[in-house]
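Just below is one structure, and these are the notes that go with it.
Residue numbers (my numbering): -6 to 63.
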């Protein structure tokens, strides 16, 4: 029987996608309860425009690992 492979998700920090500010504050941290991905994910609020976004976020190379095949 084959061993289950672990999911690899690399994260990267990016500035606010609306105003490009690098100033933010943690808003929410939570584990993935839908797909069971490892680790915690964080939503931050931009201190300049108040936009909420994920930071750090999955890299473009590993974003598809966040979604089930079905």
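Backbone N, C-alpha and C define an ideal beta-carbon position, used for all residues, glycine too. What you are looking at is a predicted structure, and each value in this text was computed from that prediction instead of being measured.
* Asked: Exposed or buried, residue 17, counting other C-beta atoms within 10 Å across all chains shown (16 or more means buried)?
  -> When all chains shown are included, residue 17 counts as buried.
* Asked: Taking C-alpha atoms, which residue in 47, 27, 7 and 25 lies nearest to residue 35?
  -> Nearest to residue 35 by C-alpha distance, out of 47, 27, 7 and 25, is 47.
* To do: Write down the C-beta distance between residue 49 and residue 4 rounded to the nearest angstrom, noting that I regard them as a contact closer than 8 Å.
  => The C-beta distance from residue 49 to residue 4 rounds to 4 Å, short enough to fall under 8 Å.
* To do: Report the option in 13, 22, 28 and 39 whose CA atom is closest to the CA atom of residue 63.
  => For the set 13, 22, 28 and 39, the Cα lying nearest the Cα of residue 63 is the one of 28.
* Asked: How would you label residue 39, buried or exposed, when you count the other beta carbons within 10 angstroms and need 16 or more for buried?
  -> Looking at its Cβ environment, which holds 16 or more other Cβ atoms inside 10 Å, residue 39 is buried.
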